[in-house]
Amino acid sequence: MSLFEHPAFDNHEHIAFRFDEKTGLKAIIAVHNTNLGPTLGGCRMWPYASSAEALNDVLRLSRGMTYKSALANLPQGGGKSVIIGDPRTDITPALMHAMGDFVQSLGGKYVTAEDSGISPQSLKLMAQRCDYVAGTQAKYSYHGGEADGNPSPATAYGTFVGIQASVKQRLGRSVDGLTVAIQGLGHVGYRLAELLHAAGANLIVTDIFPDNLEKAEKLLGATLVKPEAIYAVKADVFAPCAFGAVINDDTIEQFNFSVIAGAANNQLAHESHGEILRQRDILYAPDYVINAGGVIDIYHQNIDSSNAALRTHIEQIGETLTEIFMRSQQQGDATNIVANLMAEERFSAK
Ligand code: NAD
Numbered sequence: 001m002s003l004f005e006h007p008a009f010d011n012h013e014h015i016a017f018r019f020d021e022k023t024g025l026k027a028i029i030a031v032h033n034t035n036l037g038p039t040l041g042g043c044r045m046w047p048y049a050s051s052a053e054a055l056n057d058v059l060r061l062s063r064g065m066t067y068k069s070a071l072a073n074l075p076q077g078g079g080k081s082v083i084i085g086d087p088r089t090d091i092t093p094a095l096m097h098a099m100g101d102f103v104q105s106l107g108g109k110y111v112t113a114e115d116s117g118i119s120p121q122s123l124k125l126m127a128q129r130c131d132y133v134a135g136t137q138a139k140y141s142y143h144g145g146e147a148d149g150n151p152s153p154a155t156a157y158g159t160f161v162g163i164q165a166s167v168k169q170r171l172g173r174s175v176d177g178l179t180v181a182i183q184g185l186g187h188v189g190y191r192l193a194e195l196l197h198a199a200g201a202n203l204i205v206t207d208i209f210p211d212n213l214e215k216a217e218k219l220l221g222a223t224l225v226k227p228e229a230i231y232a233v234k235a236d237v238f239a240p241c242a243f244g245a246v247i248n249d250d251t252i253e254q255f256n257f258s259v260i261a262g263a264a265n266n267q268l269a270h271e272s273h274g275e276i277l278r279q280r281d282i283l284y285a286p287d288y289v290i291n292a293g294g295v296i297d298i299y300h301q302n303i304d305s306s307n308a309a310l311r312t313h314i315e316q317i318g319e320t321l322t323e324i325f326m327r328s329q330q331q332g333d334a335t336n337i338v339a340n341l342m343a344e345e346r347f348s349a350k
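Using full-length UniProt numbering, read the sequence shown as starting at 1 and increasing by one per residue.
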């Protein structure tokens with residue numbers, strides 16, 4: 001297995017491997033870039049088929065966090081950790097303590113948080129052995145109500161703000177009276193649907209499970225469509241909020257949208273699809289910029305902040321997107337390419 005020559009290595013500053021004989025912990029921490037500050041990124045537990053697969057995942061994810069944090073105006077870099085194992089059967093307090101010791105051993109260069117397979121309880125176990133665990137104590141919420149430590153509402157609000165900025169840029173108006181198609185009514189998608197409905201948008205929604213669909217039809221007046229039909233509906237905005245790679249060779253032909261702006265990670269199957277969208281005059285809000293509300297939320301829970309400061313910070317997503325759109329127009333480059341360059345300018349500058 002190559003390391004410095006690895007295709008996803010991308011100048012990582014520090015990669016640490018830990019095997020703990022007593023607990024069987026096998027974990028990797030990747031610290032991509034600390035130029036803007038210590039790194040923050042979730043800990044993922046997954047039954048990877050090989051250590052090569054785990055390494056590839058952690059490198060890709062930590063690099064992504066550097067770009068996301070830089071454009072979210074956060075004084076932090078990108079890092080991530082993975083534990084090789086099945087979260088349904090392999091989690092024990094001793095394993096989580098061993099992971100806490102591992103994170104602690106980096107001395108604060110990497111701050112961990114929740115990701116797939118790692119619950120708030122697991123995080124709390126890590127925090128018993130480690131000073132660098134974010135998201136175990138929620139104090140602030142962007143809406144001023146009770147903070148429960150779930151970053152999804154903040155992600156939804158950031159996505160809503162991002163949709164407003166994108167619509168203003170492309171159509172020169174508000175979302176009131178427009179039609180928004182939402183793919184996936186989960187933690188983020190349903191909350192986003194509520195915010196859009198309150199702002200006067202008409203909704204077309206889909207999901208593979210009926211629960212939230214029925215609620216959206218009844219409470220938000222949404223039109224329901226089958227999952228495979230969402231790409232071809234006629235709508236002003238498409239908001240992918242389910243899974244990645246939904247902008248690909250097959251779907252792009254079907255699009256009848258002016259704007260694509262949603263919370264899902266890695267929406268473009270390939271970076272070149274951003275250019276195809278630009279040529280078709282479909283304004284694309286780069287996913288890691290518009291879905292940064294959650295990471296902004298986690299950051300504020302860890303500092304001395306306030307509900308208002310958190311909200312204002314999330315709202316900066318709109319300004320950042322507007323800057324990306326302007327530069328894209330001036331330079332004739334796709335928005336995803338402009339976003340990457342802007343992030344690199346920020347985290348390479350120091
Ligand atoms: P979630 O699992 O709660 O919701 C995803 C929803 O998509 C589910 O309701 C699921 O049934 C639905 N879905 C799955 N396959 C589908 C299909 N083929 N067609 C239609 N719907 C389908 O996840 P979430 O927390 O709401 O996150 C949604 C997306 O946003 C994910 O891509 C996630 O990585 C990304 N994201 C989430 C956050 C956050 O704070 N939760 C932050 C950044 C990015």
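Even glycine gets a Cβ: it sits at the ideal position worked out from N, Cα and C.
Does residue i come out as helix, strand or coil in the three-state DSSP assignment?
i      : result
Asp249 : helix
Leu106 : coil
Leu178 : coil
Gln183 : strand
Thr155 : helix
Leu3   : coil
Asn336 : helix
Thr92  : coil
Ala343 : helix
Thr136 : coil
Ile118 : coil
Tyr284 : strand
Ala269 : coil
Ala113 : strand
Is the closest heavy atom of the ligand NAD to the C-beta of residue i under 7 Å?
i           : result
Ile208      : yes
Asn265      : yes
Leu71       : no
His187      : yes
Ala242      : yes
Gly184      : yes
Pro286      : no
Gly64       : no
Gly294      : yes
Ser152      : yes
Asn291      : yes
Thr223      : no
Pro227      : yes
Thr335      : no
Thr320      : no
Thr112      : no
Thr23       : no
Thr251      : no
residue 354 : No statement about residue 354 is possible, as the shown extent of the chain runs from 1 to 350 and does not include it.
Mind pulling the beta strand (DSSP E) runs of 3 or more residues that sit fully within the segment 208-261? Taken in chain order, the complete beta strand (DSSP E) segments of 3 or more residues contained in the segment 208-261 are 237-240.
When the Cβ atoms of the segment 58-75 are set against those of the segment 309-322, are three or more pairs found closer than 8 Å? Touching, yes.
Could you name each continuous beta strand (DSSP E) segment of 3 residues or more that falls completely within the segment 7-84, going from the start of the chain to the end? When DSSP assignments are scanned along the segment 7-84, the uninterrupted stretches of beta strand (DSSP E) that are 3 or more residues long and fall wholly within it turn out to be 14-20, 25-33, 39-46 and 77-84.
Going residue by residue through the segment 287-314, where are the continuous alpha helix (DSSP H) segments of at least 4 residues, counting only ones entirely within it? Segments of the alpha helix (DSSP H) lying fully in the segment 287-314: 287-290 and 293-301.
The segment 230-248 touching the segment 188-207, judged by at least three CB pairs closer than 8 Å: Touching, per the Cβ criterion.
Please confirm if the segment 133-146 is in contact with the segment 112-122, defined as three or more CB-CB distances below 8 Å between the two stretches. The segment 112-122 and the segment 133-146 touch, with three or more beta-carbon pairs separated by less than 8 Å.
On the three-pair Cβ rule with 8 Å, is the segment 322-338 touching the segment 297-312? No, the segment 322-338 does not touch the segment 297-312.
So, do the segment 139-152 and the segment 162-173 have three or more beta carbon pairs nearer to each other than 8 Å? The segment 139-152 vs the segment 162-173: no contact.
Below 8 Å, how does it come out for the segment 176-185 and the segment 290-303: are there three or more Cβ pairs, yes or no? Three or more beta-carbon pairs separated by less than 8 Å are not found between the segment 176-185 and the segment 290-303, which leaves the two stretches without contact.
Please confirm if the segment 186-198 is in contact with the segment 145-164, defined as three or more CB-CB distances below 8 Å between the two stretches. Cβ pair count under 8 Å is three or more, so yes.
Flag this pair as touching only if the segment 81-92 and the segment 41-48 have three or more C-beta atom pairs under 8 Å; answer yes or no. Flag = yes, the segment 81-92 and the segment 41-48 touch.
For the segment 96-108 against the segment 56-69, are there 3 or more C-beta pairs whose distance is under 8 Å? Because the criterion of three Cβ pairs below 8 Å is not met, the segment 96-108 and the segment 56-69 do not touch.
For the 8 Å Cβ check, are there 3 or more pairs between the segment 104-112 and the segment 18-34? With a cut-off of 8 Å, the segment 18-34 and the segment 104-112 count as touching, because enough Cβ pairs lie within range.
Would you say the segment 218-227 touches the segment 276-289, given that touching needs at least three Cβ pairs under 8 Å? Using a C-beta cut-off of 8 Å, the segment 218-227 makes no contact with the segment 276-289, since fewer than three inter-stretch Cβ pairs fall below that distance.
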